[in-house]
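A short worksheet on the structure shown next.
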């Protein structure tokens, strides 16, 4: 038995033994892919941003509140901010204010803004769910491709092993003088083709693994083993054939992309109300409180007297009179707390904004909102049409795959029976080497076709289950 045959048998045994490696089932592969997919991470961030939009629009309904403070030094001739009189002294000053405003009436603009943002948040979540479903379907496809590629490699390996056994057998017959040496050449030629089939099957398996690991965002060098379908699962495929009406009713409710389109249509209708609200007056209430401080504001702290002499006429006689007057002898800057209380002021106001002419922007906004509603409605109709087309195709594909599977099963059984008969004839010399090789090649072809038909049927059934809203699993 040559080295290539031993290598192929070893590879087949390796495929059948997964105890030393982690075995991944389809659900685990999907969960891993969902966790690591960059596109899904982006959609999750988009959902988080939409949540912030909802929170922001809710808070827009509450009064705002802002505080302000400014200060500085004035040089030269200035107005004393505490007395409004001119002074030539340098003045250190500061001002403080607190203001708030709230919308009293805006034709429901902010209320509808909250509703719209909530709808857009739900639409974003549905977009994320649809992306998860699409990724799950892709992983299922690549998963089944790996299993099929492993099966094809095993079939090719068994064919190679059988060719080697036939070569050993015919060499014995040649030595015994029963068969001519030309028969050995034919078997060796067939053996070389079987080795080529092994190489092609290995390449196909490597490619299938690469596609699966890339879709999962897993290191291509990672060793992993898939949970394979049992013979019972392969030979007893449970089908659930839906009528169009049955699956259409489920798909309309279950398909996330369709739910997202419905939500966006509802959001667009609310957008019309928001655009119309901008055509009507808005009423606002505002209030403020403020105070100030200046080092030019002083108060006396000590008093004294000052005698002044002046002349007056009393009975036509000039008389000098002296009189004491109170004077301020010492001052201080009025403390900050005292000034703050003294200059504290309040204000409340109501304002009305009436949109008379906004350079056509408000009317254009309303027309655009109406057009956006029409676009959303058309998008929903288009998605429904595409879904109906996909459902009809999926149902037809399952029915066709079932027929192909039944035909492939009959073909394999016939090919297996024919090979057994030809092998018996060959052993007694009633069949040529060429006939044996043709029979074996036909058997290998029918076996591969049966495997392809089985996995094709399984995948198309899973696709139909996907439209019905079922979780994709084996």
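In this note's numbering, the protein residues as written are 1 to 474.
Beta carbons: idealized from backbone N, C-alpha and C, even for Gly.
All figures in this text were calculated on a predicted structure; none of them were measured in a lab.
If I follow the unbroken alpha helix (DSSP H) through residue i, where does it start and stop?
i           : result
residue 151 : 109-175
residue 212 : 181-216
residue 365 : 361-427
residue 466 : 433-467
residue 51  : 38-59
residue 257 : 256-277
How many angstroms separate the CA atom of residue i from the CA atom of residue j?
i           : j           : result
residue 334 : residue 93  : 12 Å
residue 138 : residue 29  : 11 Å
residue 72  : residue 349 : 29 Å
residue 305 : residue 67  : 47 Å
residue 373 : residue 379 : 10 Å
residue 275 : residue 62  : 21 Å
residue 415 : residue 396 : 28 Å
residue 209 : residue 247 : 33 Å
residue 79  : residue 312 : 39 Å
residue 105 : residue 382 : 39 Å
residue 173 : residue 179 : 6 Å
residue 64  : residue 99  : 8 Å
residue 447 : residue 424 : 20 Å
residue 181 : residue 167 : 11 Å
residue 186 : residue 175 : 16 Å
residue 271 : residue 457 : 46 Å
residue 134 : residue 126 : 12 Å
residue 123 : residue 293 : 54 Å
residue 417 : residue 200 : 27 Å
residue 120 : residue 151 : 47 Å
residue 87  : residue 114 : 55 Å
residue 37  : residue 222 : 17 Å
residue 255 : residue 45  : 22 Å
residue 469 : residue 224 : 29 Å
residue 26  : residue 473 : 6 Å
residue 59  : residue 281 : 21 Å
residue 90  : residue 297 : 12 Å
residue 40  : residue 216 : 12 Å
residue 327 : residue 300 : 10 Å
residue 344 : residue 95  : 10 Å
residue 402 : residue 428 : 40 Å
residue 279 : residue 347 : 29 Å
residue 391 : residue 400 : 14 Å
residue 191 : residue 453 : 26 Å
residue 103 : residue 285 : 6 Å
Can you tell me whether residue i is helix, strand or coil according to DSSP?
i           : result
residue 327 : strand
residue 248 : helix
residue 228 : coil
residue 88  : coil
residue 62  : coil
residue 35  : helix
residue 354 : coil
residue 73  : strand
residue 28  : helix
residue 10  : With a pLDDT of 47 at residue 10, under the threshold of 50, the modelled position of this residue cannot be trusted; read the value that follows with caution. Residue 10: helix per DSSP, three-state reduction.
By the 10 Å Cβ neighbour count, where 16 or more other Cβ atoms means buried, how is residue i classified, buried or exposed?
i           : result
residue 332 : exposed
residue 23  : exposed
residue 49  : exposed
residue 14  : Unreliable placement is indicated for residue 14, whose pLDDT of 46 sits below 50; the coordinate value is still reported in the next sentence. Classification for residue 14: exposed.
residue 164 : buried
residue 336 : exposed
residue 157 : buried
residue 434 : exposed
residue 136 : buried
residue 183 : buried
residue 460 : buried
residue 149 : buried
residue 42  : exposed
What is the C-beta distance between residue i and residue j, in whole angstroms, given that I count them as a contact (C-beta under 8 Å)?
i           : j           : result
residue 130 : residue 249 : Between residue 249 and residue 130 the Cβ distance is about 19 Å, and since that is not below 8 Å, they are no contact.
residue 258 : residue 387 : 6 Å
residue 376 : residue 228 : Going by Cβ atoms, the distance from residue 376 to residue 228 rounds to 46 Å, so no, they are not a contact pair.
residue 153 : residue 202 : 6 Å
residue 320 : residue 309 : 6 Å
residue 162 : residue 195 : Residue 162 to residue 195, Cβ: 13 Å. No contact.
residue 422 : residue 411 : About 16 Å; that fails the 8 Å criterion.
residue 109 : residue 277 : 4 Å
residue 408 : residue 450 : 4 Å
residue 47  : residue 132 : Their Cβ separation, rounded to whole angstroms, is 12 Å, which puts residue 47 and residue 132 out of contact at 8 Å.
Answer yes or no: the CB of residue i versus the heavy atoms of the ligand MN, is any distance below 7 Å?
i           : result
residue 299 : The ligand MN is not part of this structure, which contains no ligands at all.
Going by DSSP, what residue range makes up the beta strand (DSSP E) through residue i?
i           : result
residue 471 : Careful: residue 471 lies outside any beta strand (DSSP E) and carries neither H nor E.
residue 526 : What the structure shows of the chain is the stretch from 1 to 474, and residue 526 is not part of that stretch, so it cannot be assessed.
residue 343 : No beta strand (DSSP E) holds residue 343; DSSP gives it neither H nor E.
residue 289 : 282-294
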